[in-house]
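Just so we're on the same page, the numbering used here is the position in the sequence shown counted from 1, plus 347.
Even glycine gets a Cβ: it sits at the ideal position worked out from N, Cα and C.
Here the structure comes first, spelled out in structure tokens, and everything after it is commentary.
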Amino acid sequence: MKRFYLTTAIDYANGHPHIGHAYEKILADVICRTKRLLGYDVHFLTGLDEHGQKVEQTAKERGISPQALCDSVAKEFIDMCALLHISYDDYIRTTQPHHKTIVRTILQKLFDNGDIYKAEYTGFYSTRVERFLQEKDRVDGIWPESEFGQVTEITETNYFFKLNPHKQWLVDYITAHENFIFPKFRAKQVLEFLREDINDLCISRPKDRLSWGIELPFDSEYVTYVWFDALINYISAVGYGTEKFSEFWPVDYHVIGKDILVPAHAVYWPIMLHALDLPMPKTFLAHGWWLCSGEKMSKSVGNVVDPLDYAKQFGTDAFRYFVIREMNVGQDSDFSHELFLSRYNNDLGNDLGNLVSRNSNMLQRYCGGTIPEIATAEAPETELIGLWSQTHEKVLHGYDRLQFHRALEDIFTFIGAINKFLEIRAPWKLAKSKDPREQNRLRTTLAASSEAIRLAATILAPILPTISQQILEIFQIKAMAWGKQLDWNGHNLANQSLGMESVILFPRIV
């Protein structure tokens, strides 16, 4: 069986879930559900980054231990994943013993190989991003407070991981592997960063300044820098150092926000792996931000969207549909309540929900709740079947190329065609006729529309897992790997009794 490994960024244990976290998890989930339906053995990893100065400071302010703080934050993020139907296979926490053991093993290996050295350093430190800043981080001679917060000059002795000896290798690798970074234009951002000399990475913090971290194996007076610790989760979670590791590494997708692509993921992480003589990740998928009227969401501005509120109020699948339909993966996108309601009422309510309800009602009324066979397919049925063949190929191509917004557009074009097909056939008129030919057309119409709805629901499963299952339950069909399930089969539902009465999938919102 083909294997597929995907990770999200691990969320930092010093905040609460927001729309960026929700979108990243949903995007990753859609990719993984698609791969499972295509027959892959998927390992989907997400988790929580629990060490660092901000966690220690926040815990102190609240009068609790850092671990207690992390436990409460972990519950929030795990609850969010449950609400959003995120089908992860593993949830890693960087305070777990097996992760800490592997971090220390890697530190010792790099130290023994001469990749880590000790030196005194004077630099400008940002607590907000928990790293020493470089001159290239300045804008017009200053470090932007909005990005770095308070910046303090510090002189201290620390341990450093060598970056510059690997710089040219990384430039060459990125240049030679066009799929290494998605979208491709972000590779230019990384290469721009690498154009100048880069400072070696400070990978320790003295315990007299920070105690909440993984102790260095070669010096008990220091703990590991949070980013160095956090990145290793991607290999510690799949058994680095064991036989299992080779089954899933290299990772297929690291799904991350564009703000943590450089330097952490696209510079530090590949160089760490190269120093360990490990294969490179296949692709860094750097998604964009959700904006409000073109501006980044911010508590201070008051334009923050609570994804949990939307999922609870309007349904998880509706929220999943909106963020996947509106965001071109890799680009930024705007979130507005008005646009959400429009998508909900028009796409989901009118086009899909009403179609399913109307079709079920007509099957009950005209066919006694049993799906008939396609008797004689004529031009309207042939056109619908032909459109599905085109739609099927386009949607799978869109899924494969991460063009989910276009795939959804194609699916809903097909759903619109089913609605149009019913308007053309007008089963409510055919039902009034006693002509056997019209009765055959009636049965063929409802058989064809039912099969078309089944196919639409089946291919929507990665984005609308609950709604898709509800629709299939109407036809008493179980969800399963795609394969031939995406082929038009005029006899697939024949003589099948409806499993449940018509349901309102998306109650209209005014």
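Separation of residue j from residue i, as counted between CA atoms
i: Leu807; j: Thr571; result: 44 Å
i: Glu594; j: Pro626; result: 13 Å
i: Ile821; j: Ala722; result: 22 Å
i: Leu702; j: Ala795; result: 13 Å
i: Met644; j: Gly846; result: 44 Å
i: Ser815; j: Trp735; result: 17 Å
i: Lys659; j: Phe687; result: 14 Å
i: Gly399; j: Ala804; result: 45 Å
i: Thr502; j: Ile856; result: 59 Å
i: Phe565; j: Ala466; result: 15 Å
i: Phe858; j: Arg409; result: Nothing can be reported for residue 858: it is not among the residues displayed for the chain, which extend from 348 to 857.
i: Trp490; j: Leu608; result: 19 Å
i: Gly716; j: Asp606; result: 53 Å
i: Gly470; j: Ser434; result: 43 Å
i: Pro530; j: Gly745; result: 15 Å
i: Ala841; j: Asp698; result: 24 Å
i: Asp436; j: Lys372; result: 13 Å
i: Val537; j: Asp599; result: 20 Å
i: Thr452; j: Asp547; result: 21 Å
i: Gly763; j: Asn580; result: 45 Å
i: Gly830; j: His390; result: 20 Å
i: Gln515; j: Ile618; result: 11 Å
i: Arg350; j: Thr630; result: 15 Å
i: Val742; j: Arg690; result: 19 Å
i: Ala828; j: Ala523; result: 35 Å
i: Pro597; j: Pro628; result: 5 Å
i: Ser412; j: Gly386; result: 44 Å
i: Gly461; j: Tyr468; result: 19 Å
i: Phe507; j: Glu740; result: 51 Å
Opposing strand residues paired with residue i [DSSP bridges]
i: Lys643; result: Leu638
i: Tyr600; result: Leu353
i: His390; result: Tyr352
i: Glu500; result: Phe471
i: Lys767; result: In DSSP, Lys767 forms no bridge with anything.
i: Arg478; result: Ser473
i: Pro553; result: Tyr569
i: Asp653; result: Answer is none; Asp653 lacks a bridge partner.
i: Thr489; result: This sequence places Ile at residue 489; Thr is not what is there. Paired residues: Val486.
i: Trp680; result: For the record, residue 680 in the displayed sequence is Ser; it is not Trp. Trp637, per the DSSP bridge assignment.
i: Lys465; result: Tyr506
Candidates the options: closest to residue i by CA position
i: Gln404; options: Asn546, Ala523, Gly560, Ser551; result: Gly560
i: Leu833; options: Arg801, Leu852, Asn842, Thr813; result: Arg801
i: Ala584; options: Leu416, Val450, Ser493; result: Val450
i: Asn839; options: Asp519, Cys714, Ile718, Tyr746; result: Ile718
i: Lys776; options: Asp358, Gly604, Arg788, Asp681; result: Arg788
i: Thr474; options: Gly488, Val498, Thr452; result: Val498
i: Asp653; options: His684, Lys767, Gly830; result: His684
i: Ala724; options: Phe768, Phe592, Ala421, Thr522; result: Phe768
i: Asn693; options: Lys509, Gly586, Phe669, Asp681; result: Phe669
i: Glu720; options: Ser844, Tyr352, Glu642; result: Ser844
i: Gln443; options: Ala577, Glu590, Glu785, Asp747; result: Ala577
i: Val602; options: Gly461, Thr589, Lys646, Leu374; result: Leu374
i: His621; options: Asp519, Phe661, Val648; result: Asp519
i: Ser871; options: Glu492, Asn361, Lys382, Gly641; result: This structure cannot speak to residue 871, because the chain is shown only from 348 to 857.
Own chain partners of residue i with C-beta closer than 6 Å, once the 5 adjacent residues on each side are dropped
i: Thr792; result: Arg772, Pro774
i: Trp835; result: Ile732, Trp735
i: Lys447; result: Ile561
i: Tyr359; result: Asp396
i: Arg790; result: Pro719, Ala722
Proximity test, residue i beta-carbon vs the ligand ADP heavy atom, cut-off 6 Å
i: Lys382; result: Questions concerning the ligand ADP fall outside what the structure shown contains, since it holds no ligand whatsoever.
Chain-order list of residues whose beta-carbon lies under 7 Å from that of residue i (same chain, five-residue window excluded)
i: Thr813; result: His432, Thr663, Asp664
i: Val476; result: Phe495
i: Lys554; result: Glu568, Tyr569, Val570
i: Leu557; result: Gln400, Glu403, Val570
i: Gly696; result: Phe853, Arg855
i: Val377; result: Ile671, Phe751, Pro809, Ile810
i: Gly677; result: Phe529, Pro530, Ala633, His634, Gly635
i: Glu525; result: Lys531
Neighbourhood of residue i by C-beta, 8 Å cutoff - its chain only, sequence neighbours within 5 removed
i: Leu430; result: Leu655, Ala658, Lys659, Thr663
i: Pro512; result: none
i: Ala826; result: Thr805, Ala808, Ser815, Gln816, Leu819
i: Ser797; result: Asn706, Leu710, Ile718, Phe822, Leu840
i: Asp388; result: Met348, Lys349, Arg350, Phe351
Are the segment 538-549 and the segment 607-618 touching by the rule of at least three beta carbon pairs closer than 8 Å? yes
Under 8 Å: do the segment 386-399 and the segment 425-437 share three or more Cβ pairs, one atom per stretch? yes
The segment 748-755 in contact with the segment 766-785 per 3-pair CB rule at 8 Å: no
Pair every Cβ in the segment 364-376 with every Cβ in the segment 623-642, then say whether three or more of these pairs are closer than 8 Å. yes
Pair every Cβ in the segment 450-460 with every Cβ in the segment 482-497, then say whether three or more of these pairs are closer than 8 Å. no
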